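To start, the structure itself, in structure tokens.
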Amino acid sequence: MEKKIYVTQSSMPPFEEYVEMIKPLWENRWLTNMGEYHKELEKELKKYLDVQEVSLMMNGHMALELALQVLDLPKGGEVITTPFTFISTTHAIVRNGLKPIFCDVKDDFTIDESKIEELITENTVAIVPVHVYGNICNVEEIDKIAYKYNLKVVYDAAHAFGEKYKGEGIGNFGDISIYSFHATKVYHTIEGGCVCTSSHDIYEKLYNLKNFGIRNEELVVSVGANAKMNEFQAAMGICNLRYINNNISLRKQIVKRYWEKLNKQYMRLNCYDDNLEPNYAYFPVVFENKIKRDKVYQALRDENIFARKYFYPITADAACFRNKYKNDLLEKARKFSDCILVLPLYSELKFEDVDRIAFIVNRVVEEID
Ligand SMILES: *Cc1c(COP(=O)(O)O)cnc(C)c1O
Numbered sequence: 001m002e003k004k005i006y007v008t009q010s011s012m013p014p015f016e017e018y019v020e021m022i023k024p025l026w027e028n029r030w031l032t033n034m035g036e037y038h039k040e041l042e043k044e045l046k047k048y049l050d051v052q053e054v055s056l057m058m059n060g061h062m063a064l065e066l067a068l069q070v071l072d073l074p075k076g077g078e079v080i081t082t083p084f085t086f087i088s089t090t091h092a093i094v095r096n097g098l099k100p101i102f103c104d105v106k107d108d109f110t111i112d113e114s115k116i117e118e119l120i121t122e123n124t125v126a127i128v129p130v131h132v133y134g135n136i137c138n139v140e141e142i143d144k145i146a147y148k149y150n151l152k153v154v155y156d157a158a159h160a161f162g163e164k165y166k167g168e169g170i171g172n173f174g175d176i177s178i179y180s181f182h183a184t185k186v187y188h189t190i191e192g193g194c195v196c197t198s199s200h201d202i203y204e205k206l207y208n209l210k211n212f213g214i215r216n217e218e219l220v221v222s223v224g225a226n227a228k229m230n231e232f233q234a235a236m237g238i239c240n241l242r243y244i245n246n247n248i249s250l251r252k253q254i255v256k257r258y259w260e261k262l263n264k265q266y267m268r269l270n271c272y273d274d275n276l277e278p279n280y281a282y283f284p285v286v287f288e289n290k291i292k293r294d295k296v297y298q299a300l301r302d303e304n305i306f307a308r309k310y311f312y313p314i315t316a317d318a319a320c321f322r323n324k325y326k327n328d329l330l331e332k333a334r335k336f337s338d339c340i341l342v343l344p345l346y347s348e349l350k351f352e353d354v355d356r357i358a359f360i361v362n363r364v365v366e367e368i369d
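Residues 1 to 369 (the numbering used here) are what the sequence shown spells out, left to right.
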């Protein structure tokens, strides 16, 4: 059987290095509850992400849920968000008792800031934009709108690890940004995530939310869940952080190779904003129509190459949401969803495999034109 190529492959630190890291855990038996590695990783990430506060979480979804919860938004409040995202974004809004109001996207797949204002009502409480594929939202314009209408902004930056916009860590925009450190992401802690904020008060409240509201042996100050990151995760995070810059530069080379090899006459490739230091998290390709997209997807599958239809369907059309929330006026989001395919991209992907993938994609689109 031929080898399989998936859309991504988790990066791993050298085995011995990770083993050395976790060895002390057999001595001190401190496996979770804000241990040494948890503290160290929060400190290192503050530096790497160039943000003031980092609160580690067990995963990106809980980071997002607790980020919305910590803002104490009125129940039933409306949250303007994008349907062109992973389902987690919409779930986090709904699970906080808030109502998603879907806004269409732009050609760069992020929320169309020019359409936000017309969706604002007296019930609007927040905006939850997503930096899709590492493409950055129009953070300046969104900040202005939020200021004008007194709205909170929580960025889902799950795709944007390590990115800088005009030299500033992307996690500094809005009130809060969250990252995912899931095994499939550019940077991972197996499962994991974090919340970034410039507010120490929010950091302290998040600590309570992720740790049952427990401050010491006898003091429980508030109602909280359990969303702590454990020491094995944090140790993986510390190891992976040593290789992240190298991984991102390898990704960059692969993206460049795809650009050289794919026939751009028949598809649109993703461009980055000039002010962005990208992380090359994903390689999305937009085909002319759904039929072509689906044919390319199948042709790759037939060769054991598993590209992904991210994001298809849009979250507004998910079976659990489509009859509950307004989902019209999402023309672009739906069009991209029908025509997009994310091709394999990870630091260890070989140029010869990139060439093979590009050859198959080109063959299909050229054939049926
Ligand atoms: C991965 C992801 C999440 C959820 O993160 P997990 O760590 O898997 O819980 C949320 N939003 C987006 C856009 C994601 O890609």
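For glycine and all other residues, C-beta sits at the position ideal for the given N, C-alpha and C. Owing to the predicted nature of the structure, the values given are computational and were not obtained by experimental measurement.
I need the straight-line Cα distance from T315 to Y165, nearest angstrom please.
Stepping through the sequence shown from its first residue, residue 315 is reached at position 315. Stepping through the sequence shown from its first residue, residue 165 is reached at position 165. If I take the Cα positions, the gap works out to 27 Å.
Rounded C-alpha distance that separates S55 from I291 | For the purposes of this step, residue 55 is taken as residue 55 along the sequence shown, with counting starting at 1. For the purposes of this step, residue 291 is taken as residue 291 along the sequence shown, with counting starting at 1. Computed Cα separation, rounded: 44 Å.
Is it true that the region 181–192 meets the region 59–69, where meeting means three or more beta-carbon pairs spaced less than 8 Å apart? yes
Write down every uninterrupted run of the beta strand (DSSP E) in the region 122–191 whose length is 3 residues or greater and which is fully enclosed by it, in chain order.
124–128, 152–156, 176–180
### Query
Does the Cβ of E367 have 16 or more other Cβ atoms within 10 Å, making it buried, or fewer, making it exposed?
On the sequence shown, position 367 is the one that residue 367 refers to. The residue in question, E367, is exposed, as its Cβ has fewer than 16 Cβ neighbours within 10 Å.
Pick from Y149, I101, Y312, S177 that is closest to C137, judged by C-alpha positions: If you number the sequence shown from 1, residue 137 lands on position 137. When each option's Cα is compared against that of C137, the closest is S177.
Rounded to whole angstroms, how far is the Cβ of C239 from the Cβ of Y18, which I believe are closer than 8 Å? Taking the sequence shown and counting its residues from 1, one reaches residue 239 at position 239. Taking the sequence shown and counting its residues from 1, one reaches residue 18 at position 18. Confirmed, Cβ separation roughly 5 Å.
Would you mind reading off the limits of the alpha helix (DSSP H) that contains M58? Taking the sequence shown and counting its residues from 1, the one referred to as residue 58 is at position 58. It is not in any alpha helix (DSSP H) - M58 carries neither H nor E in the DSSP assignment.
Discussion item. Given the structure, does L45 come close to ligand 1, in the sense that its CB is under 8 Å from one of the ligand's heavy atoms?
Written reply: By 1-based counting over the sequence shown, the position of residue 45 is 45. Checking the Cβ of L45 against ligand 1 gives no.
* Asked: With contact counted as at least three CB pairs below 8 Å, one residue from each stretch, are the region 123–134 and the region 349–368 in contact?
  -> no
Distance cut-off 8 Å: V186 Cβ against heavy atoms of ligand 1:
Position 186 of the sequence shown, counted from the first residue, corresponds to residue 186. No, ligand 1 has no heavy atom inside 8 Å of this Cβ.
For V153, is the beta carbon positioned less than 8 Å from some heavy atom of ligand 1?
-> Position 153 of the sequence shown, counted from the first residue, corresponds to residue 153. For ligand 1, not one heavy atom lies less than 8 Å from the Cβ of V153.
- Taking L66 and A227 to be in contact with their CB atoms under 8 Å, please state how far apart those CB atoms are, rounded to whole angstroms. As a working note, residue 66 is residue 66 in the sequence shown. As a working note, residue 227 is residue 227 in the sequence shown. Between A227 and L66 the Cβ distance is about 6 Å, and since that is below 8 Å, they are a contact.
*For C339, three-class secondary structure by DSSP*: In the sequence shown, counting from the first residue as 1, residue 339 sits at position 339. If DSSP states are grouped into helix, strand and coil, C339 belongs with the helices.
(Q) Are there any heavy atoms of ligand 1 lying less than 8 Å away from the beta-carbon of G77, as far as the coordinates show? (A) Residue mapping note: residue 77 aligns to position 77 of the sequence shown, counting from 1. No - ligand 1 has no heavy atom lying nearer than 8 Å to the Cβ of G77.
Are the region 332–351 and the region 100–109 in contact at 8 Å, needing three or more beta carbon pairs?
yes
Next on the checklist: Going by DSSP, what residue range makes up the beta strand (DSSP E) through C239?
Outcome noted: Counted from its first residue, the sequence shown places residue 239 at position 239. Element bounds for C239: not the beta strand (DSSP E) but the alpha helix (DSSP H), 231–241.
### Query
For the alpha helix (DSSP H) that contains T89, what are its first and last residues?
Start at 1 with the first residue of the sequence shown, and residue 89 comes out as number 89. Start and end: 87–95.
Quick check on the DSSP output: the beta strand (DSSP E) that includes R268 runs from which residue to which? For the purposes of this step, residue 268 is identified with residue 268 of the sequence shown, where counting begins at 1. Segment 267–269, the beta strand (DSSP E) holding R268.
Quiz item: For A236, is the beta carbon positioned less than 8 Å from some heavy atom of ligand 1?
Solution: Locating residue 236 in the sequence shown gives position 236, where the first residue counts as 1. Before going on, a small fix: residue 236 reads as Met here, not Ala. No, since every heavy atom of ligand 1 falls outside the 8 Å radius drawn around the Cβ of M236.
Please return the same chain residues whose Cβ sits closer than 6 Å to the Cβ of Y310, not counting the five positions on each side in sequence. Sequence index remark: in the sequence shown, residue 310 carries index 310 (1-based). V342.
Quiz prompt | Meets three-Cβ-pair contact criterion under 8 Å: the region 85–98 and the region 248–258 | solution = no
Query - L80 in three-state terms, based on DSSP - result: Here residue 80 refers to the residue found at position 80 of the sequence shown. For the sequence presented, residue 80 should be read as Ile rather than Leu. Of the three classes helix, strand and coil, the one that applies to I80 here is strand, per DSSP.
### Message
Nearer than 8 Å: is that true of the beta carbon of F283 relative to any heavy atom of ligand 1?
### Response
As a first step, residue 283 must be located in the sequence shown, where it is residue number 283. Because no heavy atom of ligand 1 lies under 8 Å away, the Cβ of F283 does not count as near it: no.
| said: Considering only heavy atoms of ligand 1, does any lie closer than 8 Å to the CB of T315? | reply: Start at 1 with the first residue of the sequence shown, and residue 315 comes out as number 315. Checking the Cβ of T315 against ligand 1 gives no.
- On a CA-only basis, which of E27, L300, N323 is nearest K3? Give me that one, please. Indexing the sequence shown from 1 puts residue 3 at position 3. The option with the nearest alpha carbon to K3 is L300.
Going by other Cβ atoms of all chains shown within 10 Å of its Cβ, with 16 needed for buried, is K350 buried or exposed?
-> Mapped onto the sequence shown, residue 350 falls at position 350. Per the 10 Å Cβ criterion, exposed.
Which runs of the alpha helix (DSSP H) spanning at least 4 residues fall entirely within the region 275–361, listed in chain order?
-> 290–302, 331–339
Do E231 and L31 have their beta-carbon atoms positioned less than 9 Å apart in this structure?
Position 31 of the sequence shown, counted from the first residue, corresponds to residue 31. Position 231 of the sequence shown, counted from the first residue, corresponds to residue 231. Closer than 9 Å, so yes.
Query raised in the report: Considering only residues of the same chain and omitting the five flanking positions on each side of V125, which have a CB-CB separation below 8 Å?
Result: Your numbering for residue 125 matches position 125 in the sequence shown. Same-chain partners within the cutoff: L73, P74, G77, E78, V79, L98, L151, K152.
Do the CB positions of F283 and Y266 come within less than 9 Å of each other?
Taking the sequence shown and counting its residues from 1, the one referred to as residue 283 is at position 283. Taking the sequence shown and counting its residues from 1, the one referred to as residue 266 is at position 266. Their beta carbons are not under 9 Å apart, which means F283 does not touch Y266 by this criterion.
**OP:** For the region 193–202 and the region 169–176, state whether three or more C-beta atom pairs, one from each stretch, are separated by less than 8 Å.
**Re:** yes
>> Any heavy atom of ligand 1 inside 8 Å of the beta-carbon of V223?
In response: For the purposes of this step, residue 223 is identified with residue 223 of the sequence shown, where counting begins at 1. No, the beta carbon of V223 sits no closer than 8 Å to any heavy atom of ligand 1.
N-terminal and C-terminal residue of the beta strand (DSSP E) that P100 is part of
Taking the first residue of the sequence shown as position 1, residue 100 is located at position 100. Residues 99–102.
Exercise. Should K148 be labelled buried (16 or more other beta-carbon atoms within 10 Å of its own) or exposed?
Worked result: Position 148 of the sequence shown, counted from the start, is the residue given in the question as residue 148. Per the 10 Å Cβ criterion, exposed.
Worksheet entry | Residue environment, K205, which counts as buried when at least 16 other CB atoms sit within 10 Å | Your numbering for residue 205 matches position 205 in the sequence shown. So K205 counts as buried.
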